[in-house]
Structure formats: C-alpha cells, structure tokens
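In what follows, a single structure is set out as structure tokens and then discussed.
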Amino acid sequence: MALEGIRGILFDKDGTLLDYDESWLPVNRELARIASEDDAALADHLLRETGMDPVSGHIVPDSLLAAGNTRQIAEGLVAAGSKVEVTELTIKLDTLFSNAAEFSVPVTDLAGFFARLHARGFKLGIASSDNERSIRQTAQRFGFAQYVDYIAGYDSGFGSKPEAGMVLGFCKATGLEPSQVAVVGDNNHDLHMGHNANAGLKVAVLTGTGSRESLSAASDYCLNDITELEPLLPGLQPA
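As structure tokens, then:
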C-alpha cells in the first residue's frame, strides 16, 4: 500500500475513538433491559443472542452488538425473543445511544489528536453504525467537531457497513479518491467496508470488540489504539 498517498482518514466511532468496554457495556445492559421490558432472565438471553456474555461482559467479535446498526440490533433482539415491535425498539435504542454519548470514554485526548491530524492537512471523517445525532454529540462533547469534514451514521443515507457507501460519501465530500483514504476501525465490518470501497489503507485497532486474530486478515495494520496511527504515517504532509 502507498502510505505516502493517503490524504484522508475515515474513523469508526465506538471501539475506535471511544473505548468500547468502558463506554458500551453499561449501555448494552440497559438495551437488554429495554428490550426485555424488565425481565431479567430474558435480558440475559437477549444479550447472549446478540453477542455479549451477561456475566463477563465479553463481546463476540463481529456480532450484532459489536458491529450492527440500531435497526439491525433491534431486529436481532426481536428475533431472539423481545416482545417490543422493531420500529418502536429502534427508536428507543437510538435515543439510548444518543444519550450514551454523555457517558462515553475516549481512548485519548480526541481534540488534540484530531487537531494534529487536521494541522497536517488530512481530511477527517467519522463513519459509524450508530445514528448521526450520536456521532455529532460525541464530536461536540470531546471538542473535535471543528476538525471533522464528514460524518455518516447508519441513518445518513450512505447505506450500512460493510457496504462501500460511507467511504464513497467521504470521498465525494472531500474530493479524494478511495485510494487516498485510510479506513480505521475495530471490527471487520469497518475493514470490509474499506475493502469494498477500494480504500488505500485498512487499519484495525484493539480498543473495541475485535482481537488481533479476528482482525489481522482484513487489515494492513493492526494497532493497539489510534495514537499509533500518527507515527505510522510520519511522511504524510498533504499540501
């Protein structure tokens, strides 16, 4: 891959910019409570069926909770036994996820991180399976909204991961070619989105639900976290 050709970076949000376990395990338990209508046994069952061990909190890589969008998670919960109608549950979960931005834990000082990349001339974007409102709230809360050129959630009209649409939307918004874009994420939905869009670089991080074993095949690099991205690209000083 031509590292020196990268001019834009498209980040996933949860598990990439935000520490997944710190930010989302409590949210997933609340999700199950809502979907089960306070039936504790059903809540545990729903968590297991959608990818989380209710005892340990372990998330199965690339499961619904790890990689699905709100609608897909709602459909999975209903298929697993939730009595809440899919559309109603989707609305409730979108509200939950938007409010969760207030309790999220970043993997680093995101304002400083984005400011440094922006100062080097990179175009920056966020592509998440969460809703767009939640992404924007996260960017505002952690002080990096002014450095972001593009935001796409599952409800923004670019399709869902692992389809190529979010990457192609980033390219259209920034004037870049896919070969000039690095896609950074914590699960294979992110990496496969990059492959499907012919992105120039696919970078995995280990702050989310994936493991080095689950991510290595689809990534060009597998990093401990996004802070390792800066020295990885030392020569990239876009004009």
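According to the working numbering, the sequence shown is numbered sequentially starting from -14.
The C-beta atom is built at its ideal place from N, Cα and C for all residues, glycine as well.
As a quick exercise: from the options, pick the residue whose alpha carbon is nearest that of residue i.
i	options	result
A65	H30, L74, A86 and S83	H30
A202	H174, L217 and L50	H174
A149	V168, I58 and M178	M178
T123	S8, E70 and L161	S8
L10	L50, K(-2) and L(-5)	L50
I58	T35, A100, T80 and R126	T35
S119	G128, T80 and L102	T80
A17	Y132, I111, V63 and R126	V63
L(-5)	F99, S196 and R126	F99
T55	M37, H103 and K77	K77
A85	R101, L109 and R121	R121
E117	A158, F127, F143 and A104	F143
I need the boundaries of the alpha helix (DSSP H) containing residue i, first residue and last residue.
i	result
A112	That residue, A112, is in no alpha helix (DSSP H); its beta strand (DSSP E) goes K108 to A112.
D187	For the sequence presented, residue 187 should be read as Lys rather than Asp. Run containing K187: none in the alpha helix (DSSP H); it sits in the beta strand (DSSP E), L186 to V190.
A17	Y5 to S21
G150	G150 to T159
G235	No answer is possible for residue 235: it lies beyond the span of the chain, which begins at -14 and ends at 224.
R126	E117 to R126
K77	V71 to A85
E213	Per DSSP, E213 belongs to no alpha helix (DSSP H) and is neither H nor E.
L(-12)	It is not in any alpha helix (DSSP H) - L(-12) carries neither H nor E in the DSSP assignment.
Check for me: the beta strand (DSSP E) holding residue i runs from which residue to which?
i	result
V45	It is not in any beta strand (DSSP E) - V45 carries neither H nor E in the DSSP assignment.
A52	Note, A52: premise wrong, no beta strand (DSSP E); alpha helix (DSSP H) at L49 to A52.
From the DSSP secondary-structure annotation, give me the bridge partner or partners of residue i.
i	result
D(-4)	Residue identity check: residue -4 is Phe in the sequence provided, not Asp. F(-4) is bridged to I111 and V169.
Y206	V188
A137	A112
P91	L3
M37	I44
Looking only at its chain, what residues have a beta carbon closer than 8 Å to the beta carbon of residue i, apart from the 5 residues adjacent to it on each side?
i	result
A224	With a pLDDT of 46 at A224, under the threshold of 50, the modelled position of that residue is not reliable, and the figure given next carries that caveat. For A224, where only same-chain residues beyond five positions count, the Cβ hits under 8 Å are G106.
R126	A86, E87 and S89
F82	V12, T55, D115, N116 and S119
Can you name, in chain order, every residue of its own chain whose Cβ lies under 7 Å from the Cβ of residue i, other than the five neighbours on each side?
i	result
T192	G0, T1, D4, Y5, V92, D171 and D210
T194	G0, Y5, I44, P46, A51, D171 and N172
Note to self: Under 8 Å: do the stretch 138 to 153 and the stretch 178 to 188 share three or more Cβ pairs, one atom per stretch?
What the structure shows: The stretch 178 to 188 and the stretch 138 to 153 touch, with three or more beta-carbon pairs separated by less than 8 Å.
Check: Do the stretch 162 to 169 and the stretch 127 to 147 meet, that is, are 3 or more Cβ pairs less than 8 Å apart?
Finding: Contact between the stretch 162 to 169 and the stretch 127 to 147 is absent, because fewer than three Cβ pairs lie under 8 Å.
Next item on the list: Inspect the CB distances between the stretch 20 to 27 and the stretch 66 to 82 and report whether three or more fall short of 8 Å.
Entry: Judged by Cβ distances under 8 Å, the stretch 20 to 27 makes contact with the stretch 66 to 82, as three or more pairs qualify.
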